[in-house]
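25 is the number of the first residue of the sequence shown in this note's numbering; add one for each residue after it.
For glycine and all other residues, C-beta sits at the position ideal for the given N, C-alpha and C.
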Amino acid sequence: MPTGYNSIEGGDHSPHAIYYASILSSNNQQQVKVLGEVRNESFRNYKKSPFHETTIKIIQRQQKQSPTSSTSKTSYQHENVNIHILQQFNQQQQQTYFYLCIADPQVPLRICFALLERMKNDFNPVLADDFSAITGAINHQVQYCCNPSNDKIIVIQNQIQDAKNVMIQNIDKILNNMELMEILVEKTAELREDANTFLYKSKKVKNSMLKRNIIIISVIVIIVLMLLFAIIWFGCGFPSFYRCRSSNDN
Numbered sequence: 025m026p027t028g029y030n031s032i033e034g035g036d037h038s039p040h041a042i043y044y045a046s047i048l049s050s051n052n053q054q055q056v057k058v059l060g061e062v063r064n065e066s067f068r069n070y071k072k073s074p075f076h077e078t079t080i081k082i083i084q085r086q087q088k089q090s091p092t093s094s095t096s097k098t099s100y101q102h103e104n105v106n107i108h109i110l111q112q113f114n115q116q117q118q119q120t121y122f123y124l125c126i127a128d129p130q131v132p133l134r135i136c137f138a139l140l141e142r143m144k145n146d147f148n149p150v151l152a153d154d155f156s157a158i159t160g161a162i163n164h165q166v167q168y169c170c171n172p173s174n175d176k177i178i179v180i181q182n183q184i185q186d187a188k189n190v191m192i193q194n195i196d197k198i199l200n201n202m203e204l205m206e207i208l209v210e211k212t213a214e215l216r217e218d219a220n221t222f223l224y225k226s227k228k229v230k231n232s233m234l235k236r237n238i239i240i241i242s243v244i245v246i247i248v249l250m251l252l253f254a255i256i257w258f259g260c261g262f263p264s265f266y267r268c269r270s271s272n273d274n
C-alpha cells in the first residue's frame, strides 16, 4: 500500500499518481464541454491523445445508458491507466455533469472517488463558464486528496505502524529485562551458595577454634596443677611431707 500519491504537478508518468482531473457537462444533444481541467506533464497533450477520444466516447455512451441518473460511479481501465467517472444529472438545468479523473492503477478507488466527490460538492453550476475558477478549484481538491495526511486510512495505518513499533520496542525491552532477571537469578543463586559455603566454613573454623581453646585451657590447667603439686611437694618434703606434718603436730 503506498503511503502517498503524486499530485497533478508531478512531471513524469510515475506510479501512484493522478494524471488528469476535469469537470465536463453534456446536454440532451450529448454535446460534451470541458468546464475545467488540470493535468500533469505526461498528459500535457491530453486532447491530442487517445485518452481524450476514449473519455468522450465513454461519457457519451454512459449518458445514453442513464441519461437522467441522479448520481452514478463507474471505472474503466484503458491501457496502463484507470478512468474514474462520477456522473450527476441536474434536473433544473437538464444538464449532466461528469467529474473525471485518470489515475495510475495503484491509486486506490477510495482516493479517486473521494476526489470526485469533493469536486462535485465544490462545483457551482452558476460558475460553469468560468474555466479558470473551476480549474483552480479542481487543482485545490487534487492537492488535498494527494496529501497523505488527509487520507484517514493512511493516517490510521501510520498510527497502527507507530503503535506496532512501540510494542516491538517494549517487547524487546521486556526480553532484555527477562535476560537481566535470569542473570540476576543466577547471580543470586551463586551468592546464596557462596553464603552457605561461607557459613559452613565459618562454623567449621569456629568449632576448630573452640577445640583449640579447650585444649589450650586444659594444658594450662594441667600445668598450673603440676606447678602447685611441685611446690607442695618440695615445700612439704617429699615423700614423707615431714615439714608440713611437723608443723601440724606442733
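Local Cβ density within 10 Å of residue i, reported as buried at 16 or more and exposed below that
{"i": "Cys268", "result": "exposed"}
{"i": "Ser38", "result": "Residue placement at Ser38 cannot be trusted, given a pLDDT of 45 that sits under 50; what the coordinates show is reported in the next sentence. Classification for Ser38: exposed."}
{"i": "Ser46", "result": "buried"}
{"i": "Ser50", "result": "buried"}
{"i": "Asn201", "result": "exposed"}
{"i": "Thr120", "result": "buried"}
{"i": "Tyr224", "result": "exposed"}
{"i": "Met143", "result": "buried"}
{"i": "Gln165", "result": "buried"}
{"i": "Asp196", "result": "exposed"}
{"i": "Phe258", "result": "exposed"}
{"i": "Thr79", "result": "buried"}
{"i": "Phe122", "result": "buried"}
{"i": "Ala254", "result": "exposed"}
{"i": "Asp175", "result": "buried"}
{"i": "Ala161", "result": "buried"}
{"i": "Leu204", "result": "exposed"}
{"i": "Asn272", "result": "Since pLDDT at Asn272 reaches only 47, below the 50 mark, its modelled position is unreliable, and the value read off the structure follows with that caveat. Exposed, because fewer than 16 other Cβ atoms sit within 10 Å of the Cβ of Asn272."}
{"i": "Phe147", "result": "buried"}
{"i": "Ile135", "result": "buried"}
{"i": "Glu33", "result": "The predicted model places Glu33 with a pLDDT of 46, which falls under 50 and marks its position as unreliable; any figure quoted below should be read in that light. So Glu33 ends up on the exposed side."}
Start-to-end residues for the beta strand (DSSP E) that takes in residue i
{"i": "Cys125", "result": "Gln119 to Ala127"}
{"i": "Phe147", "result": "Phe147 -> no beta strand (DSSP E), and no H or E assigned at all."}
{"i": "Ser96", "result": "Thr95 to His102"}
{"i": "Gln112", "result": "Val105 to Asn114"}
Collapsed DSSP secondary structure at residue i in the structure displayed
{"i": "Gln130", "result": "coil"}
{"i": "Pro172", "result": "helix"}
{"i": "Asp284", "result": "The chain is shown only over 25 to 274; residue 284 falls outside these bounds and no answer can be derived."}
{"i": "Asp218", "result": "helix"}
{"i": "Asp154", "result": "coil"}
Residues bridged to residue i (per DSSP)
{"i": "Gly160", "result": "Partner(s): none; Gly160 has no beta bridge."}
{"i": "Val62", "result": "Ala45"}
Cβ distance (whole Å) where residue i is taken to contact residue j below 8 angstroms
{"i": "Gln86", "j": "Ile109", "result": "7 angstroms"}
{"i": "Glu61", "j": "Thr159", "result": "6 angstroms"}
{"i": "Leu59", "j": "Ala152", "result": "5 angstroms"}
{"i": "Thr95", "j": "Gln111", "result": "7 angstroms"}
{"i": "Ala127", "j": "Asn106", "result": "6 angstroms"}
{"i": "Ile82", "j": "Val56", "result": "Incorrect: roughly 10 angstroms between the Cβ atoms, too far for contact."}
{"i": "Val131", "j": "Ile42", "result": "6 angstroms"}
Run of the alpha helix (DSSP H) containing residue i, from where it starts to where it stops
{"i": "Gln55", "result": "Counting along the chain, Gln55 falls outside any alpha helix (DSSP H), and DSSP gives it neither H nor E."}
Near the ligand FAD: residue i beta-carbon under 7 angstroms from a heavy atom
{"i": "Lys230", "result": "You won't find the ligand FAD in this model; it holds no ligand whatsoever."}
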